[in-house]
Amino acid sequence: MDINKIDYNKLPQHIAIIMDGNGRWARTKGKFRIFGHQNGITSVRETIETAAELKIKHVTLYAFSTENWNRPKAEIDGLMNLLVNTINNEYATLMKNNIKLNSIGDISKLPIECHHKLKEVIEKTQNNSNTTLTLALSYSGRWEIIEVVKKIIKDNISINDISEDLFSQYLTPNNVPYPELLIRTGGEKRISNFLLWQIAYCELYFSDKLWPEFRREDLLQAIIDFQKRERRFGKTTEQIKN
Ligand code: FPP
Numbered sequence: 398m399d400i401n402k403i404d405y406n407k408l409p410q411h412i413a414i415i416m417d418g419n420g421r422w423a424r425t426k427g428k429f430r431i432f433g434h435q436n437g438i439t440s441v442r443e444t445i446e447t448a449a450e451l452k453i454k455h456v457t458l459y460a461f462s463t464e465n466w467n468r469p470k471a472e473i474d475g476l477m478n479l480l481v482n483t484i485n486n487e488y489a490t491l492m493k494n495n496i497k498l499n500s501i502g503d504i505s506k507l508p509i510e511c512h513h514k515l516k517e518v519i520e521k522t523q524n525n526s527n528t529t530l531t532l533a534l535s536y537s538g539r540w541e542i543i544e545v546v547k548k549i550i551k552d553n554i555s556i557n558d559i560s561e562d563l564f565s566q567y568l569t570p571n572n573v574p575y576p577e578l579l580i581r582t583g584g585e586k587r588i589s590n591f592l593l594w595q596i597a598y599c600e601l602y603f604s605d606k607l608w609p610e611f612r613r614e615d616l617l618q619a620i621i622d623f624q625k626r627e628r629r630f631g632k633t634t635e636q637i638k639n
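For what it's worth, this note's numbering labels the leading residue of the sequence shown as 398, then goes sequentially.
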């Protein structure tokens, strides 16, 4: 896939990714599921380096959902260790590519060393300005919506002041544009409780590749596909073209 096929005037400002298929990929190799997650790190690195090269402003990765806490303890422990090691080892990648790290989700639920490492690297990369990489950790869209409702009630907001704009200001982080392209790997065609409010008008792209197989050319292919879509936001084709 040739990067020259990308139209730099029509890049999505924000790409969100559901990285699915690690377990199945490991099984095809006769290995434990964690082997799939470990190999998924190469795909994470290629994806964020390519996004940074294209100067895509935001990438959000669904790394651990609220529902993932129901997985076997050994897999959760393996994933949390992998997270700490990856954030540690890839700090250089983030700095080299001028990438700012961020997170969404209930990170207070993460093991303490994971929480600390995440906060440390978030702080150390705060002045990077090319791409913001947001890790969704202990995150779900419904959890996030309930958090917003709680904050709105706590702030005694009058019912007349409740609007889509106000709601979006309560989302954290509130200055991030909504995703324009959502990629899901692994062949399943569902949203799995990811960014439910934010993806109302997002373009969806499903790849049959399992996440550890996802490479730079697959990301470029998804962006090229996105660039061919007509985004109407409820309007007609004629209205969009005029
Ligand atoms: C889904 O595959 C993937 C996850 C639950 C975890 C994704 C995590 C990583 C790729 C590693 C950590 C990421 C970062 C950014 C440090 P699955 O296990 O549901 O696969 P399956 O559908 O084949 O079972």
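Where a beta carbon is used, it is the ideal one built from N, C-alpha and C, also for glycine.
| query | result |
| --- | --- |
| Rounded separation between K454 and W466 - CA only | 30 angstroms |
| V456 - DSSP class collapsed to helix/strand/coil | strand |
| Distance, T463 Cα to Y567 Cα | 20 angstroms |
| G502: CB within 7 angstroms of a non-hydrogen atom of the ligand FPP | no |
| Touch test, the region 517-536 against the region 500-507, Cβ-Cβ under 8 angstroms, three pairs minimum | yes |
| Q363 burial status per 10 Å Cβ neighbour count (16 or more: buried) | Because the chain in this structure spans residues 398 to 639, residue 363 falls outside the shown range and cannot be described. |
| Residues bridged to N499 (per DSSP) | T531 |
| Contacts around F432, its chain only, beta-carbon distance under 6 angstroms, and the 5 residues preceding and following it disregarded | A423 |
| Residue closest to E585, alpha-carbon to alpha-carbon, out of L578, L592, G418 and E443 | G418 |
| Which of helix, strand or coil DSSP assigns to S537 | coil |
| I621 versus E614: straight-line alpha-carbon distance, rounded | 10 angstroms |
| Status (buried if at least 16 other CB within 10 Å, exposed otherwise) for Q636 | exposed |
| Given F461 as reference, the closest of S589, L593, S565 and E600 once Cα atoms are compared | S589 |
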